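Here's the structure we're looking at; comments come further down.
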Ligand code: PLP
């Protein structure tokens, strides 16, 4: 429509660049998620809360690299910490355990008391991969359960029923397990069991039937960063998994630092057996963390180390008694320097960031109400999303299917043309660089776009 025409007029250099990019990368992009039709806007520079594209257009950034940039673009304290680490240590990668791993680890242990021991990875994907392997190793079972619509990374074991078609998805109370990618073996549909989020009775029934096969339940406490679990659902999930001898994994890749510094487990006051952190925890640099109960994490003590420490692993007799976990870049010093600086800044700023998000959410709701357009602003802390729906309660994947996505898309493109950036249909994240000025400008743009719908 009109808004696409205006989009094309404003972003000709993005289109030219995108054609070039397509000669280098399939689909012109190095992650499927980074593409959107008709072509993605190509950004050239980020500063604080703002992005600048190849055509010189300026945007307030609400994508924030899918939530990772909790301090915005180029926060001076993060840049300084990374720079100092690079120059002072003379090399950037030691291939040995080092000071920052322990400093960061102690911070995480304080903020997440359920994390007694941890390991570093390079991404959220690797963090959940490790958590799941730990759970299978610890329990001796080989299936996992996840919730419909929840994302835990791009590998086969968890890439089922993230975004299934309603036709394939089956009964809402016992959903089918549907592979999300070409090239996946049916094995993964059989070995990953799908649960209905926020439905404790149906979830418990499935888990009870499969308790001897299921090593762990992995959950996004806030589905997709904007549908919170109800407190009673979380309490019940902790209870039933405990009762059945199934481990509970909180995937806090999105939620860590975005509710409070203690993530969803602090918010719900629940102790998961294992947790995964990512995104904001590296302040924009690639990291993941897998941590949890000592007795579970200890499954990965290397044999040589168990001889030195002479502790719980004395029964190790072969390589298969130890869980394998490795990675050339795990615990990268520059990234841990960025993470530590990020925590320092957040300790002062997190309440203000959440306050700004709340203010924006409220302002948006008010504008929609004035125009009589049904919308829900869903989310907690510094993440939220707009769902165009008359439905008054959105609790899971099935409820989202009632939303008007074509209206939302049109709305998002008009906002792009007004300099409000998120990937169309994506949730909003707020950073420490967002303040009153950004809120006011965003609400003005919303008002203008709503007036023209
Ligand atoms: N788990 C959750 C809840 C996520 O939101 C994501 C990323 O969006 C991942 C895991 C995967 O993290 P990464 O993209 O760093 O591999």
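Numbering (UniProt numbering), first residue to last: 7 to 459.
Heads up, the beta-carbon is just placed ideally off N, CA and C, and yes, glycines get one too.
All values derive from a computational prediction rather than experimental measurement.
Item, Value
"Would you list the residues sitting across from residue 282 in a DSSP beta bridge?", "257, 296"
"Could you check whether residue 284 and residue 87 sit closer than 8 Å to each other, using their CB atoms as the reference points?", "no"
"Spatial neighbours of residue 181 within its chain, please: CB distance less than 7 Å, with the 5 preceding and 5 following residues excluded, ordered by chain position.", "154, 167, 175, 200, 202"
"In this structure, does DSSP put residue 305 in helix, strand or coil?", "helix"
"Using only the heavy atoms of the ligand PLP, determine whether one of them is closer than 7 Å to the beta carbon of residue 226.", "yes"
"Could you pull the start and end residues of the alpha helix (DSSP H) that residue 113 belongs to?", "105 to 117"
"Nearer than 7 Å: is that true of the beta carbon of residue 304 relative to any heavy atom of the ligand PLP?", "no"
"Does the region 297 to 308 come close enough to the region 421 to 441 that 3 or more CB-CB pairs lie under 8 Å?", "no"
"Just checking my contact of residue 264 with residue 388 at CB under 8 Å: how many whole Å lie between their CB atoms?", "5 Å"
"Can you find at least 3 beta carbon pairs, one from the region 265 to 281 and one from the region 114 to 131, that sit closer than 8 Å?", "yes"
"Going by DSSP, what residues sit across from residue 391 in a beta bridge?", "384"
"Kindly give me the distance between the Cβ atoms of residue 344 and residue 291, rounded to whole angstroms, as I take these residues to be in contact under 8 Å.", "4 Å"
"Beta-carbon within less than 6 Å of residue 145's beta-carbon, same chain only, minus the 5 sequence neighbours each way: which residues are those?", "221"
"Grouping DSSP H, G and I as helix and E and B as strand, with all else coil, what is residue 87?", "helix"
"Let me know the secondary structure DSSP gives residue 10 once reduced to three states.", "helix"
"Looking only at its chain, what residues have a beta carbon closer than 6 Å to the beta carbon of residue 360, apart from the 5 residues adjacent to it on each side?", "387, 388"
"Roughly how many angstroms separate the alpha carbons of residue 193 and residue 147, rounded to a whole number?", "15 Å"
"Going by beta-carbon coordinates alone, are residue 346 and residue 113 separated by less than 8 Å?", "yes"
"Got a sec, what are the start and stop residues for the alpha helix (DSSP H) residue 152 sits in?", "Unbroken run through residue 152 is the beta strand (DSSP E), 149 to 153; no alpha helix (DSSP H)."
"Please report the straight-line C-alpha distance between residue 236 and residue 21, rounded to a whole angstrom.", "43 Å"
"If you reduce the DSSP assignment to three classes, tell me which class residue 177 lands in.", "coil"
"Under 8 Å, do residue 140 and residue 332 count as touching if we go by C-beta distance?", "no"
"Does the region 19 to 33 come close enough to the region 411 to 420 to have 3 or more Cβ pairs within less than 8 Å?", "no"
"Measure the CB-CB distance between residue 61 and residue 11 and report whether it falls below 8 Å.", "no"
"Does the Cβ of residue 223 lie closer than 7 Å to at least one heavy atom of the ligand PLP?", "no"
"Is residue 381 closer than 8 Å to residue 390 when the C-beta atoms are compared?", "no"
"Identify which residue in 431, 454, 442, 239 has its Cα closest to the Cα of residue 230.", "431"
"For residue 49, which beta-bridge partners are listed by DSSP?", "59"
"Can you list, in chain order, the residues of its chain with a C-beta nearer than 7 Å to that of residue 355? Leave out the 5 residues immediately preceding and following it.", "438"
"Could you tell me which of 338, 126, 49 sits nearest to residue 100, measuring between CA atoms?", "338"
"If you draw a straight line from the alpha carbon of residue 178 to that of residue 362, how long is it in whole angstroms?", "36 Å"
"Pick from 50, 92, 107: whose alpha carbon is nearest that of residue 79?", "50"
"So for residue 42, helix, strand or coil by DSSP?", "coil"
"Does the Cβ of residue 85 have 16 or more other Cβ atoms within 10 Å, making it buried, or fewer, making it exposed?", "exposed"
"Which residue from 459, 131, 44, 91 puts its Cα closest to that of residue 417?", "459"
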